[in-house]
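Single-structure report; data block below.
Residue numbers (our numbering): 96 to 580.
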């Protein structure tokens, strides 16, 4: 299959489902697309299945490169990790200064930083771009989070805007920042997604266990909630999932799915990076822990038999408790987004990316998995105060959380007394209470650290004075020489 020199405006490497759908998306918008895949037969099948489209199939990388207009614009949709480095090693000698290669996989942002620096030294442009929206988004409009050279971005901006999802606030793509900024934002997006999914799962669990609702009844509740403050893609699909019947048994299919959740690593990276940057993300961390615990199915079954614990049903007003769950879910969701946005701010400051948080919220409004009505409120919060350190400090969100708090506390207390685990909702409430507490018990923690390890501490009555160390044993023995600078 011979290619025609310089006939394609965009190139796609990797013809998995995401790569194929993005290639068709690009072609839909008037660009001829050159494609290449490690397995040549994949190229043949894709070209044959799309006869008549402006798709240039190539079997050899030199032919693929030759088919592209300069500066060459190439999107890789391949597995993250070593395959990306191996492909870049093959591509670099074939490219010319100014050419642009975009990694659209879920690569770790520090790998992207390294690769971008290496390519910049060669006069080549490398982008790490988060792509959210799954197969459907890739085909009809994803949310795109590119990070790399701002000047190079101008050469791909038109195409990325054309293929991205569109909301009432514009194309769901923006220049995120230099080197690893795009993949960092996508990583945090996925962390927020973990938190959101866990919070929804906990609301579902409360409804089926505490209230004894069927899958169909819970589906109707979520459908109603999706017409209000909780309107979002994840609430919408939850309602749809709960309505699907198993073709064999006729039972709700969700009831027949084993309760062991998987994960691909971006959530874990989010938690690790948050620890490195000193940002608390307890809702997201609880969601990760919940997936880990879910994977321990055999141990959990054994423990359940050994403890003989059974969840109790709620005995109060069911409709009132449903409303309480709704408010708890909404408030906890605000906390999950607050943690994620605070982490993006911290990463932007640490790596000097100058990420615009308002724009980040804007491009998540369509196409991506966490698209939600809440993002309009987040945009407005950053409009009011671009340097807002935490969403909980915004007056609108403060009012929402304060209004929801009494019922939120009722839900957490009820879950505790009935034995229904809601780790993310509980973690969100603890986050709120900790963040809004002027006095926390870590004065005792500091005293303990100084006692056993001479780690020093600051005095509350002299907060600007140097750290001090106390010889605690001397003071216990009645000596007065215990404090040392």
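Ideal Cβ placement from N, Cα and C applies to all residues, glycine included.
Would a C-beta distance cut-off of 8 angstroms place residue i and residue j closer than the cut-off?
{"i": "residue 179", "j": "residue 199", "result": "no"}
{"i": "residue 288", "j": "residue 464", "result": "yes"}
{"i": "residue 435", "j": "residue 286", "result": "yes"}
{"i": "residue 310", "j": "residue 350", "result": "yes"}
{"i": "residue 273", "j": "residue 255", "result": "no"}
{"i": "residue 138", "j": "residue 149", "result": "no"}
{"i": "residue 201", "j": "residue 163", "result": "no"}
{"i": "residue 328", "j": "residue 467", "result": "yes"}
{"i": "residue 176", "j": "residue 222", "result": "no"}
{"i": "residue 219", "j": "residue 194", "result": "yes"}
{"i": "residue 445", "j": "residue 527", "result": "no"}
{"i": "residue 196", "j": "residue 172", "result": "no"}
{"i": "residue 520", "j": "residue 337", "result": "no"}
{"i": "residue 85", "j": "residue 555", "result": "Beyond the ends of the chain as shown, which are 96 and 580, falls residue 85; an answer cannot be given."}
{"i": "residue 260", "j": "residue 244", "result": "no"}
{"i": "residue 409", "j": "residue 306", "result": "yes"}
{"i": "residue 541", "j": "residue 552", "result": "yes"}
Classify residue i: buried if its beta carbon has 16 or more other beta carbons within 10 angstroms, exposed otherwise.
{"i": "residue 562", "result": "exposed"}
{"i": "residue 211", "result": "buried"}
{"i": "residue 167", "result": "buried"}
{"i": "residue 427", "result": "buried"}
{"i": "residue 391", "result": "exposed"}
{"i": "residue 97", "result": "Unreliable placement is indicated for residue 97, whose pLDDT of 42 sits below 50; no coordinate value is reported for it."}
{"i": "residue 147", "result": "exposed"}
{"i": "residue 560", "result": "exposed"}
{"i": "residue 339", "result": "exposed"}
{"i": "residue 425", "result": "buried"}
{"i": "residue 56", "result": "Examination of residue 56 is not possible in this model, given that the chain is present from 96 through 580 alone."}
{"i": "residue 152", "result": "buried"}
So residue i and residue j are supposed to be a Cβ contact under 8 angstroms. How far apart are they, rounded?
{"i": "residue 430", "j": "residue 378", "result": "6 angstroms"}
{"i": "residue 128", "j": "residue 103", "result": "6 angstroms"}
{"i": "residue 186", "j": "residue 506", "result": "Not confirmed; about 53 angstroms, so no contact."}
{"i": "residue 418", "j": "residue 513", "result": "About 18 angstroms; that fails the 8 angstroms criterion."}
{"i": "residue 258", "j": "residue 121", "result": "6 angstroms"}
{"i": "residue 450", "j": "residue 268", "result": "Not quite, the Cβ-Cβ distance comes to about 14 angstroms (not below 8 angstroms), so this is no contact."}
{"i": "residue 321", "j": "residue 331", "result": "5 angstroms"}
{"i": "residue 476", "j": "residue 460", "result": "Residue 476 to residue 460, Cβ: 14 angstroms. No contact."}
{"i": "residue 544", "j": "residue 550", "result": "4 angstroms"}
If you compare alpha carbons, which of the options is closest to residue i?
{"i": "residue 478", "options": "452, 322, 361, 328", "result": "452"}
{"i": "residue 299", "options": "163, 543, 515", "result": "515"}
{"i": "residue 440", "options": "343, 375, 262", "result": "375"}
{"i": "residue 355", "options": "372, 540, 388, 343", "result": "388"}
{"i": "residue 181", "options": "120, 108, 113", "result": "108"}
{"i": "residue 481", "options": "353, 454, 566", "result": "454"}
{"i": "residue 422", "options": "500, 543, 414, 265", "result": "500"}
{"i": "residue 41", "options": "347, 113, 486, 554", "result": "No information on residue 41 is available, as it lies outside the stretch 96 to 580 that the chain covers here."}
{"i": "residue 215", "options": "239, 230, 190, 238", "result": "190"}
{"i": "residue 382", "options": "296, 337, 348", "result": "296"}
{"i": "residue 370", "options": "306, 442, 261", "result": "442"}
{"i": "residue 523", "options": "542, 291, 540", "result": "291"}
{"i": "residue 415", "options": "380, 502, 496, 469", "result": "502"}
{"i": "residue 275", "options": "404, 323, 448, 357", "result": "448"}
### the segment 363-383 touching the segment 270-285, judged by at least three CB pairs closer than 8 angstroms
Verdict: yes, contact present.
### Query
On the three-pair Cβ rule with 8 angstroms, is the segment 140-147 touching the segment 200-208?
Counting C-beta pairs closer than 8 angstroms gives fewer than three between the segment 140-147 and the segment 200-208, which falls short of the contact rule.
### Message
With three or more C-beta pairs closer than 8 angstroms as the rule, is the segment 108-128 touching the segment 228-241?
### Response
Output reads yes: the segment 108-128 touches the segment 228-241.
### Query
Using 8 angstroms as the threshold, is the segment 395-406 in touch with the segment 521-537, meaning 3 or more CB pairs across them?
No, the segment 395-406 is not in contact with the segment 521-537.
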